[in-house]
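A short worksheet on the structure shown next.
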Amino acid sequence: MKRSSMMNDLSSGIFLELAKEKAALQADGTDVIDLSVGTPNIAPAQAIKQTIADEAMKDESYIYAIDDLPELKEAAAQWYKRRYGVDINASTEVCAVLGTQEGLAHCCLPVIDPGDTVILQDPCYPAFFTGAAIAHAQIYRVPQREKNGFLIDFDDIPQDVAQRAKLMIFSYPNNPTTAVAPPEFYDELIAFSKKHDIFVIHDNAYSELAFDGLRVGSFLAHNGAKEIGAEFNSLSKSYGYAGARLGFCVGNSEYVSALKQLKSNTDYGIFLPIQKAGICALQSDETVVRETAAAYEKRRDILIEAFAAHGWQIEKPRATMFVWARIPEKFGNDDVAFVKQLMQATGVLVVPGSAFGSCGCGFVRIALVQSEQRILTAAKRIGEFLNT
Ligand SMILES: Cc1ncc(COP(=O)(O)O)c(C=O)c1O
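Structure representation (structure tokens):
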């Protein structure tokens, strides 16, 4: 069998390579501390789990769901109002997705023909790239530079690219850089999009994981956003729902309806117990989400302090479940070599920044997905490695 050329465009290389090295180390008995993949390890609240269990016992739960439950869309719309102050029409402006990974992988197809230009951040979350590759788009990447606090600068987008681009995909709080965009950024984004007639997808996966009292809003709360864009939002991180696979696309009704049409051709909807428990999550008070955010904040503080004590100074992220760190000076700019050496010497696995785009070179992404104790053990091992 000959794979399609699109398959070559899908990223996987370095992730596969590291997974193999990890498996080999484990087979040799190494206690690997995996701080690479952003899988949340904080389980959903009791009421959410109980709803799944109860609904899963009902025979009628096993039909094809086909569509999103109206109550689920209503719960998402109310959540947007309560949380961000954004008015959403539940019947025309919400489409549930099988996790935002699925939504993002398909997000270009409603607007992109092969060869059309899509603008992405560099570095960016790999699913944005996947979405563009699946649609056979031309990709233009805008650097997120450290000196700009990892925000993109619209002046970095050449005129001819802006004129031909059909879609931009953005995300703040950002994975991997953890950058948070100020409100003015979104106003500039909307003005840029209107000027050049570019549709905008914003991924707001981490709005609930903000620290030190920071409140992150929605792109849709900005004037004109719904005219030119839509936002993806996920229950994975906020409600510990990652394995259950539920997220939303909310916003521009034409886009939402096109995405729905696409999805009606690619899946038969989301397992009903997952939808029902999703309603329970969205209607629960904020305590659960605040507790989850507090747990990540505590892990962040422990990691930053312990790494600093062992000789690696890293800036504190203001949001997300990641730490974005420049690699220690003596390793130069080669993040891949650093990650491999680190894993062999310490059993601690992190992701090289260049896996998210060439502008990630010289950085690593560390996921706060282990217990406080394991983070301390990782820091100690890393300290020994750095000081030898
Ligand atoms: C920025 C971002 N968007 C989307 C996702 C996918 O989340 P899910 O598919 O679980 O909703 C992730 C997961 O790590 C992410 O980091």
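Residues in the sequence shown are numbered from 13 upward in steps of one, following our numbering. The beta-carbon is built from N, C-alpha and C at its ideal position, and this holds for glycine as well.
Check: Asn-53 C-beta below 7 angstroms from any heavy atom of ligand 1: no
Between the CA atoms of Ala-36 and Ile-212 - distance to the nearest angstrom: Per the sequence shown, residue 212 should be read as Val rather than Ile. Rounded to whole angstroms, Val-212 to Ala-36 spans 42 angstroms at the Cα level.
C-beta atoms of Ser-250 and Val-192 nearer than 8 angstroms: Between Ser-250 and Val-192, the gap from beta carbon to beta carbon reaches 8 angstroms or more.
Neighbour-count burial assignment, Ile-78, 16 or more Cβ in a 10 Å radius: By the Cβ-count criterion, Ile-78 is exposed, with fewer than 16 other Cβ atoms from all chains shown falling within 10 Å of its own Cβ.
Heavy atom of ligand 1 within 7 angstroms of Leu-294 beta-carbon: no
Test item: CB-CB of Leu-47 and Ala-331 under 8 angstroms: no
Where the beta strand (DSSP E) containing Val-123 begins and where it ends: Premise fails: Val-123 is in no beta strand (DSSP E) and is neither H nor E.
Length-filtered (4 minimum) alpha helix (DSSP H) runs lying within the segment 54-121: The alpha helix (DSSP H) runs of length 4 or more contained entirely in the segment 54-121 are, from start to end of the chain, 58-68, 82-96 and 112-118.
8 angstroms Cβ cutoff met for Thr-304 and Gly-252: Yes, the pair counts as a contact, with Cβ atoms nearer than the cut-off.
First and last residue of the uninterrupted beta strand (DSSP E) at Leu-132: 129-134
Spatial distance of Pro-170 from Lys-32 (CA atoms): 40 angstroms
Buried or exposed by the 16-neighbour rule on C-beta atoms within 10 Å, applied to Glu-2: Limits of the chain in this structure are 13 at one end and 400 at the other, which puts residue 2 out of reach.
Every unbroken alpha helix (DSSP H) inside the segment 336-367 [4 residues or more]: 347-358
Candidates Glu-86, Pro-155 and Ala-117, of which the one nearest Phe-368 by Cα: Pro-155
CA nearest to the CA of Val-98, picked from Gly-365, Lys-352 and Gly-229: Gly-229
Closest by C-alpha distance to Thr-129, when choosing among Ala-102, Val-173 and Tyr-92: Val-173
Whole-angstrom distance between Lys-85 and Asp-279, CA atom to CA atom: 18 angstroms
Sequence-distant residues of its chain with Cβ nearer than 7 angstroms to Ala-242 (five each side left out): Ile-213, Cys-261, Val-262, Gly-263, Asn-264, Tyr-267 and Val-268
Helix, strand or coil at Arg-393 [DSSP, three-state]: helix
Residue interval of the alpha helix (DSSP H) (run including Glu-200): 195-208
Element boundaries [alpha helix (DSSP H), containing Asn-399]: Taken as a continuous stretch (DSSP letters only), Asn-399 belongs to no alpha helix (DSSP H), as it is neither H nor E.
Coarse secondary structure for Leu-28, derived from DSSP in three states: helix
Bounding residues of the beta strand (DSSP E) (the contiguous stretch that carries Met-19): Note, Met-19: premise wrong, no beta strand (DSSP E); alpha helix (DSSP H) at 17-21.
Closest Cα partner of Ala-293 within the set Ala-254, Ile-378 and Glu-105: Nearest option by C-alpha distance: Ala-254.
Rounded separation between Ile-64 and Lys-288 - CA only: 7 angstroms
Residues that DSSP places opposite Tyr-251 in a beta bridge: Per DSSP, none; premise fails for Tyr-251.
Short Cβ contact (8 angstroms threshold) for Leu-274 with His-148: The answer is no: Cβ separation not under 8 angstroms.
Alpha carbon of Phe-350 to alpha carbon of Asp-209, nearest angstrom: 42 angstroms
C-alpha gap between Gly-323 and Glu-396, whole angstroms: 10 angstroms
Rounded separation between Thr-299 and Lys-14 - CA only: Answer to the nearest angstrom: the Cα atoms are 51 angstroms apart.
Heavy atom of ligand 1 within 7 angstroms of Leu-37 beta-carbon: When distances are taken from the beta-carbon of Leu-37 to the heavy atoms of ligand 1, even the shortest one reaches 7 angstroms or more.
Near ligand 1: Asp-215 beta-carbon under 7 angstroms from a heavy atom: yes
Local Cβ density within 10 Å of Met-333, reported as buried at 16 or more and exposed below that: buried
Closer than 7 angstroms: Tyr-137 CB and nearest ligand 1 heavy atom: yes
DSSP beta-bridge partners of Asn-1: Lying before the first or after the last residue shown, residue 1 is absent from the chain, which here runs from 13 to 400.
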